[in-house]
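Numbering-wise (the working numbering), the sequence shown opens with residue 24 and increments by one.
Below is one structure, written out as structure tokens; comments come after it.
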Amino acid sequence: MVRITCLCGRIGLTIEKRPAFINACNCTLCSKTGAHWAYLHPREVRVEGATQSYCREDKDDPAAEIQFCGRCGSTTHFTLSASAVSRFGNGMMGVNMRLADERDLAGIELRYPDGRSWSGTGDVGYVRAPRIIGQDASSG
């Protein structure tokens, strides 16, 4: 189990299981929100506190609704937009693991997808090789 909070502590998330990997994507959304996402089923995450949300206006049909603390501004997680839920079901959400204590993430693979260059279809490339959190650069 992993527990994270926003900067001021008003929003808390409890994750029932450690994620298999975390994405440090370089797309505009991830870069500007400062998020490193773990993808989990909504049943595996408990959110405490009321968040505010933002849905991109530069996309015709954005799939993610970013949740953040209205007090300190920390991006905490994303949920699927109503349109995405109607197309794919509500089987995924993202949790910003940059809010976690790195010691709680030791041993998890951190991946670096090249979302900035991704066309939106097919496989995404990577900007560099993954690393295991908690291992120094010389060992992993």
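Cβ coordinates follow ideal geometry from the N, Cα and C atoms, glycine included.
Keep in mind the model is a prediction, meaning the values are calculated, not measured.
Beta carbon of residue i nearer than 8 Å to that of residue j
{"i": "residue 117", "j": "residue 101", "result": "yes"}
{"i": "residue 58", "j": "residue 121", "result": "yes"}
{"i": "residue 68", "j": "residue 38", "result": "yes"}
{"i": "residue 35", "j": "residue 26", "result": "yes"}
{"i": "residue 131", "j": "residue 65", "result": "no"}
{"i": "residue 133", "j": "residue 115", "result": "no"}
{"i": "residue 29", "j": "residue 95", "result": "yes"}
{"i": "residue 61", "j": "residue 135", "result": "no"}
{"i": "residue 49", "j": "residue 127", "result": "no"}
Per DSSP, cross-strand counterpart(s) of residue i
{"i": "residue 132", "result": "44 and 155"}
{"i": "residue 60", "result": "46 and 119"}
{"i": "residue 34", "result": "The partner list for residue 34 (beta bridge, DSSP) is empty, contrary to what the question assumes."}
{"i": "residue 28", "result": "35"}
Between the CA atoms of residue j and residue i - distance to the nearest angstrom
{"i": "residue 107", "j": "residue 156", "result": "31 Å"}
{"i": "residue 145", "j": "residue 45", "result": "20 Å"}
{"i": "residue 52", "j": "residue 109", "result": "22 Å"}
{"i": "residue 158", "j": "residue 55", "result": "26 Å"}
{"i": "residue 63", "j": "residue 119", "result": "11 Å"}
{"i": "residue 129", "j": "residue 89", "result": "26 Å"}
{"i": "residue 139", "j": "residue 99", "result": "21 Å"}
{"i": "residue 154", "j": "residue 125", "result": "13 Å"}
{"i": "residue 97", "j": "residue 91", "result": "5 Å"}
{"i": "residue 143", "j": "residue 80", "result": "17 Å"}
{"i": "residue 24", "j": "residue 40", "result": "5 Å"}
{"i": "residue 93", "j": "residue 141", "result": "31 Å"}
Check: residue i C-beta below 7 Å from any heavy atom of the ligand NAD
{"i": "residue 104", "result": "No copy of the ligand NAD appears in this structure; indeed no ligand is present at all."}
Exercise. Can you check the stretch 66-123 for any alpha helix (DSSP H) of at least 4 residues that lies completely inside it and give the ranges in chain order?
Key: Taking 4 residues as the minimum length, the alpha helix (DSSP H) runs contained wholly in the stretch 66-123 are 105-111, in order along the chain.
Quiz item: Three or more C-beta pairs closer than 8 Å, one from the stretch 81-88 and one from the stretch 145-161: is that the case here?
Solution: The count of Cβ pairs closer than 8 Å, one atom from the stretch 81-88 and one from the stretch 145-161, stays below three, leaving the stretches out of contact.
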